[in-house]
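Student: Let me give you the structure first, and then I'll get to my questions.
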Amino acid sequence: MTDPLEHVANQRRLSQKVERFTESVIREMTRKAMIHDAINLAQGFPDFPAPAIVKQAAIDAIDADINQYAITWGAKSIRDAIVAKFGEQTGLRIDAERELTVTCGATEAMIATLLALINPGDEVVVFEPFYENYGPDSVLSGATPRYVALEPPNWTMDVAELEAAFNDNTKAVIINTPNNPTGKVFTRRELEEIARLCRQHDVIAVTDEIYEHIIYGEPDAPLEHLSMITIDGMRDRTVVINGMSKTYSVTGWRVGWTVAEPAITEAIRKVHDFLTVGAAAPLQEAGAIALSLPRSYYQELADGYRARRDLLCQALDGAGFGFTVPDGAYYVMADISAFGYSDDVTFTDFLVEEIGIAVVPGSSFYSEAERGAQQIRFAFCKRRATLEAAASRFEKLK
Ligand code: GLN
61 MTDPLEHVAN QRRLSQKVER FTESVIREMT RKAMIHDAIN LAQGFPDFPA PAIVKQAAID
121 AIDADINQYA ITWGAKSIRD AIVAKFGEQT GLRIDAEREL TVTCGATEAM IATLLALINP
181 GDEVVVFEPF YENYGPDSVL SGATPRYVAL EPPNWTMDVA ELEAAFNDNT KAVIINTPNN
241 PTGKVFTRRE LEEIARLCRQ HDVIAVTDEI YEHIIYGEPD APLEHLSMIT IDGMRDRTVV
301 INGMSKTYSV TGWRVGWTVA EPAITEAIRK VHDFLTVGAA APLQEAGAIA LSLPRSYYQE
361 LADGYRARRD LLCQALDGAG FGFTVPDGAY YVMADISAFG YSDDVTFTDF LVEEIGIAVV
421 PGSSFYSEAE RGAQQIRFAF CKRRATLEAA ASRFEKLK
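Position in the sequence shown (first residue = 1) + 60 = this note's numbering.
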């Protein structure tokens, strides 16, 4: 317990914004996994290597003395590569000089975007459960979040509830598809409903598409990633956020970007410049090579993740968890009510201490802890051997 007098003194010394959120629970679970020597299915980072060609490109860039600042909004090589790939996927021609900003990961892309858009009194619509960063991002940018529920088991959204969340103060809506933590892939119909409300209330869609290539569907009905920016009337009111982390298995490189029409981009670039100046220059060069990989790379990536997903889901099913098999991203949000624990945090502590598996308590993804009290999140971006070891530890749960 902190001394109450010290607490009051600190309240005066520190920002009130910082008082309103905690440290990341996801990263805390990684630390607990280390303490208990547990298998880390908590934080979403691969435990397998990045593609050799991408690693070599970074080594080559350092060898070539790419050691100084890149252009603040991104080295020309990676911006050109993003334009080419984005054009191939969406059919949209974006301007590398005026519509792109390279950032320190999608994390900086999101906070820089919100800082560039939000004024006091502005509201942001957030789907819940949400990736934990969006909460502190709203606080730091000064936005008031308005939550719209994605209801289990299929994480469906209610259009009437969505409509009720939009009003004259709504500035932006944050969409994450494929979704962390649920694995939901928003349908064209859902995106069109959201787009309709954006046009009606003059709202900007901020879409985190970091898992765009980790998408499954069924062999006879493959799912395609659909970007909000391609929906009618959304070209100039969408900020697309993406990055290298998940697609090229380099979460520690911190290279991300935003795509947005010129006026929004100019505002994002100003914020980005004073937040971080720029992302690591040699890693941006490697990004240009990564983004030029052939289509087959992305197919193999998705196939590999499908196999990992199926392995984990089979183990979870056998152990008695309730869940919907994810359509995208690399997480399973599971229901723990079969185990009879009072809440997610108690169960998570038991898992990491007694079973040797670290996961993220569901409450980290909700504005009110109670809503996530019977859920936990598993990450399956791990080697087959890691997932098999986890599966055998689940045997102890039965
Ligand atoms: N996106 C990853 C996850 O959700 C890692 C994020 C983090 O470190 N907070 O686990």
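Don't be surprised by glycine CBs; every beta carbon is placed ideally from N, CA and C. All of these numbers come straight from a predicted model, not from anything done at the bench.
#1: What does DSSP give as the partner residues of Met217 in its beta bridges?
#2: Is it buried or exposed for Glu345, if we count other Cβ within 10 angstroms and need 16 for buried?
#3: Can you find the residues in the same chain that come closer than 8 Å, C-beta to C-beta, to Leu222, ignoring five residues on each side of it along the sequence?
#4: Could you check if Pro106 is buried or exposed, using at least 16 other CB atoms within 10 Å of its CB as the buried criterion?
#5: Just the C-alpha distance for Gly316 and Leu65, rounded to the nearest angstrom, thanks.
#6: With 16 other CB atoms within 10 Å as the buried threshold, where does Ser309 fall?
#7: On a Cα-Cα basis, can you pick out the residue from Lys92, Gly303, Arg437, Gly388 that is closest to Pro282?
#8: Mapping the DSSP letters down to three states, classify Lys145 as helix, strand or coil.
#9: Using 6 Å as the cut-off, classify the Cβ of Asn302 as near or not near the heavy atoms of the ligand GLN, replying yes or no.
#10: Which residue comes first and which comes last in the alpha helix (DSSP H) that contains Lys77?
#11: Less than 6 Å separating the Cβ of Ser84 from some heavy atom of the ligand GLN?
#12: By alpha-carbon positions, which one of Thr290, Pro279, Ser356 ends up nearest to Arg248?
#13: Would you mind working out which of Val162, Asn100, Thr82 sits nearest Ala340, comparing C-alpha positions?
#14: Would you list the residues sitting across from Ala394 in a DSSP beta bridge?
#15: Nearest by alpha-carbon distance to Phe187: which of Asp140, Glu168, Gly134, Pro241 is it?
#16: Using the C-alpha atoms, what's the distance from Val219 back to Thr237?
#17: Which residue from Pro386, Ala450, Ile417 puts its Cα closest to that of Thr375?
#18: Does the stretch 417-425 come within contact of the stretch 97-117, defined as at least 3 CB pairs closer than 8 Å?
#19: Would the beta-carbon of Gly149 be found less than 6 Å away from any heavy atom of the ligand GLN?
#20: Starting from the C-beta of Ile235, find all residues in its chain whose C-beta is less than 8 Å away, skip the five residues before and the five after it, and write them out in chain order.
#21: If you follow the alpha helix (DSSP H) that Asp370 is in, where does it begin and where does it stop?
#22: Kindly examine the ligand GLN and report whether one of its heavy atoms sits closer than 6 Å to the Cβ of Gln103.
#23: Return the Cβ separation of Thr173 and Val337 in integer angstroms, given the expectation that the two are a contact with Cβ distance under 8 Å.
#24: Can you tell me where the beta strand (DSSP E) holding Gly316 begins and where it ends?
#25: Please go through the same chain and pick out, in chain order, the residues whose beta-carbon is closer than 6 Å to the beta-carbon of Phe213, but skip the five residues on each side of it.
#26: Am I right that Asn193 and Met217 are in contact with their C-beta atoms under 8 Å? What's the rounded C-beta distance?
#27: If you draw a straight line from the alpha carbon of Ala524 to that of Ala398, how long is it in whole angstroms?
#28: Report the option in Thr406, Phe438, Ser352, Thr82 whose CA atom is closest to the CA atom of Ala394.
#29: DSSP puts Leu160 in a beta bridge; with which residues?
#30: Can you name, in chain order, every residue of its own chain whose Cβ lies under 6 Å from the Cβ of Glu272, other than the five neighbours on each side?
Tutor: The answer reads as follows:
#1: Start at 1 with the first residue of the sequence shown, and residue 217 comes out as number 157. According to DSSP, which records beta bridges pairwise, Met217 is partnered with Leu210.
#2: Locating residue 345 in the sequence shown gives position 285, counting from the first residue. The residue in question, Glu345, is buried, as its Cβ has 16 or more Cβ neighbours within 10 Å.
#3: As a working mapping, residue 222 is identified with position 162 in the sequence shown. Closer than 8 Å at Cβ, skipping near neighbours: Val185, Val208, Glu253, Ile254, Leu257.
#4: For this step, residue 106 is matched to residue 46 along the sequence shown. Buried, since its Cβ has 16 or more Cβ neighbours within 10 Å.
#5: On the sequence shown, residue 316 is found 256 positions in, with the first residue counted as 1. On the sequence shown, residue 65 is found 5 positions in, with the first residue counted as 1. So the two alpha carbons sit approximately 42 Å from each other.
#6: Locating residue 309 in the sequence shown gives position 249, counting from the first residue. With 16 or more Cβ atoms within 10 Å of its Cβ, Ser309 is classed as buried.
#7: Position 222 of the sequence shown, counted from the first residue, corresponds to residue 282. The shortest Cα separation from Pro282 among Lys92, Gly303, Arg437, Gly388 belongs to Gly388.
#8: For the purposes of this step, residue 145 is identified with residue 85 of the sequence shown, where counting begins at 1. DSSP places Lys145 in helix when its eight states are reduced to three.
#9: Here residue 302 refers to the residue found at position 242 of the sequence shown. No, the Cβ of Asn302 stays beyond 6 Å of every heavy atom of the ligand GLN.
#10: Numbered from its first residue, the sequence shown carries residue 77 at position 17. That run of the alpha helix (DSSP H) goes 76-79.
#11: On the sequence shown, position 24 is the one that residue 84 refers to. Flag set: Cβ of Ser84 near the ligand GLN.
#12: Translated into the one-based positions of the sequence shown, residue 248 becomes position 188. Selected option, being the one with the closest Cα: Thr290.
#13: As a first step, residue 340 must be located in the sequence shown, where it is residue number 280. Of Val162, Asn100, Thr82, the residue nearest in Cα terms is Val162.
#14: Position 334 of the sequence shown, counted from the first residue, corresponds to residue 394. Note: Ala394 sits in a beta bridge opposite Ile436.
#15: Here residue 187 corresponds to residue number 127 of the sequence shown, with the count starting at 1. Nearest C-alpha to Phe187: Pro241.
#16: Translated into the one-based positions of the sequence shown, residue 237 becomes position 177. Translated into the one-based positions of the sequence shown, residue 219 becomes position 159. Going from the Cα of Thr237 to the Cα of Val219 covers about 17 Å.
#17: As a position in the sequence shown, residue 375 is number 315, starting the count at 1. A small fix is needed here, since residue 375 is Ala in this sequence, not Thr. Nearest option by C-alpha distance: Ala450.
#18: yes
#19: Here the question's residue 149 lines up with position 89 in the sequence shown. As written in the sequence, residue 149 is Gln, which differs from the Gly given in the question. No, Cβ of Gln149 sits at least 6 Å from all heavy atoms of the ligand GLN.
#20: Mapped onto the sequence shown, residue 235 falls at position 175. Around Ile235: Phe187, Phe246, Leu251, Ile254, Ala265, Val266, Thr267, Asp268, Met288.
#21: Against the sequence shown, residue 370 aligns to sequence position 310. Note, Asp370: alpha helix (DSSP H), 355-379.
#22: Taking the first residue of the sequence shown as position 1, residue 103 is located at position 43. It does: the Cβ of Gln103 is within 6 Å (strictly closer) of some heavy atom of the ligand GLN.
#23: By 1-based counting over the sequence shown, the position of residue 173 is 113. By 1-based counting over the sequence shown, the position of residue 337 is 277. The pair is not a contact, with the Cβ atoms about 17 Å apart (cut-off 8 Å).
#24: Taking the sequence shown and counting its residues from 1, the one referred to as residue 316 is at position 256. Note, Gly316: beta strand (DSSP E), 316-319.
#25: Residue mapping note: residue 213 aligns to position 153 of the sequence shown, counting from 1. Residue identity check: residue 213 is Pro in the sequence provided, not Phe. These residues qualify, in order along the chain: Thr384.
#26: For the purposes of this step, residue 193 is taken as the residue at position 133 of the sequence shown. For the purposes of this step, residue 217 is taken as the residue at position 157 of the sequence shown. Their Cβ separation, rounded to whole angstroms, is 20 Å, which puts Asn193 and Met217 out of contact at 8 Å.
#27: As shown, the chain starts at 61 and ends at 458. That puts residue 524 outside it, with no answer to give.
#28: Mapped onto the sequence shown, residue 394 falls at position 334. Among Thr406, Phe438, Ser352, Thr82, the Cα nearest to that of Ala394 is on Phe438.
#29: Residue mapping note: residue 160 aligns to position 100 of the sequence shown, counting from 1. Leu160 pairs with Val319.
#30: Start at 1 with the first residue of the sequence shown, and residue 272 comes out as number 212. Within the same chain, Glu272 has close Cβ partners His285.
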